[in-house]
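Our numbering puts the first residue of the sequence shown at 169, with every later residue one more than the last.
Every residue gets a Cβ at the ideal spot worked out from N, C-alpha and C, and that includes glycine.
As the structure is a computational prediction, the values presented were derived from the model and not from experiment.
As structure tokens, the structure follows; a few thoughts come after it.
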Amino acid sequence: MMKDLLWKNITRLREQSPLVHNITNYVVMNNTANALLSAGASPIMAHAHPEMEAMMNICQALVVNIGTLDEYWVTSMKKAATQANQLQKPWVLDPVGAGATPYRDEVLADLLKLKPTIIRGNASEIMALAKHNTTPTKGVDSSAESNEAVAAAKFLIENYPTTVCISGETDIIINHEKEIHLSNGNPLMAKITGMGCSATALVAAFSAIIKDKAEAVTSAMALLGVAGELAAKESKGPGSLQLNILDKLHNMTEAEFTSTLKIEMKRG
Numbered sequence: 169m170m171k172d173l174l175w176k177n178i179t180r181l182r183e184q185s186p187l188v189h190n191i192t193n194y195v196v197m198n199n200t201a202n203a204l205l206s207a208g209a210s211p212i213m214a215h216a217h218p219e220m221e222a223m224m225n226i227c228q229a230l231v232v233n234i235g236t237l238d239e240y241w242v243t244s245m246k247k248a249a250t251q252a253n254q255l256q257k258p259w260v261l262d263p264v265g266a267g268a269t270p271y272r273d274e275v276l277a278d279l280l281k282l283k284p285t286i287i288r289g290n291a292s293e294i295m296a297l298a299k300h301n302t303t304p305t306k307g308v309d310s311s312a313e314s315n316e317a318v319a320a321a322k323f324l325i326e327n328y329p330t331t332v333c334i335s336g337e338t339d340i341i342i343n344h345e346k347e348i349h350l351s352n353g354n355p356l357m358a359k360i361t362g363m364g365c366s367a368t369a370l371v372a373a374f375s376a377i378i379k380d381k382a383e384a385v386t387s388a389m390a391l392l393g394v395a396g397e398l399a400a401k402e403s404k405g406p407g408s409l410q411l412n413i414l415d416k417l418h419n420m421t422e423a424e425f426t427s428t429l430k431i432e433m434k435r436g
């Protein structure tokens, strides 16, 4: 039943093509835009202060990714998130490199006050965001396993009205009602710059069309995980894998998805 529901959501994304506003780091803009387009959504990348409110008026969801911070972009993020809240549109926080520098943590503290609809990060980032980290973050690479960050995710859920996704070998999606584990993907995906950023963008796209945010996150992470796992079978390395993932996001069949997906419902 769950597999059928997730596939219906993937089909809905292709049909509805929600417009996603991405304030994301410039290392991954091209990757992120291509992932959204391949899955069926439509990307916008913008950060000019005068157009933040107008941009959120026309978009269905927002990505706030702090990968390449500066003061100008931080103001853009706050303006867009504030407008998204006023319009009751979902926004997704990607706390890239949480815990790496005091400035990064200061910005994240301010963004958390704006109550992100969804938070997606690796285990180290989620632990640092909740200040439960016992090992220093490596930046964009995780130095902790997904299940180690569950307590930190639950802390965030208790203190903010949010759904948390912990990315890793097992992706864990948690909110007050549900805990879902996904075990797809391939280790070679970690060798592609911005794969987590693409996941965040897909999460935002699904959140634009699905009311249940845990279901939205699960749909996005399942799609990317299965795409990566299938694409790895025909890839010679990270370069071809990146291209093959885009192709698989675009042309994946229901049979491929349902036969490959590994999902476990812990709660809900």
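DSSP, read as helix, strand or coil, puts residue 363 in helix. In this structure residue 216 does not touch residue 375 by the C-beta definition: roughly 24 Å separates them, more than the 8 Å allowed. Under the 8 Å Cβ criterion, the segment 328-346 does not count as touching the segment 172-185, having fewer than three qualifying pairs. Shown here for residue 185: same chain residues with a beta carbon closer than 8 Å to its own, the five before and five after excluded, namely 208, 209, 210 in chain order. Note on geometry: alpha-carbon atoms of residue 393 and residue 351 lie some 8 Å from one another. In the DSSP secondary-structure assignment, residue 233 is bridged to 262. Each residue's CA atom was taken as its position, placing residue 397 and residue 205 some 20 Å apart. Each residue's CA atom was taken as its position, placing residue 275 and residue 383 some 28 Å apart.
Nearest in C-alpha terms to residue 254, of all of 235, 284, 370, is 284.
The C-alpha of residue 263 lies about 8 Å from the C-alpha of residue 235. DSSP places residue 377 in no alpha helix (DSSP H); its state is neither H nor E.
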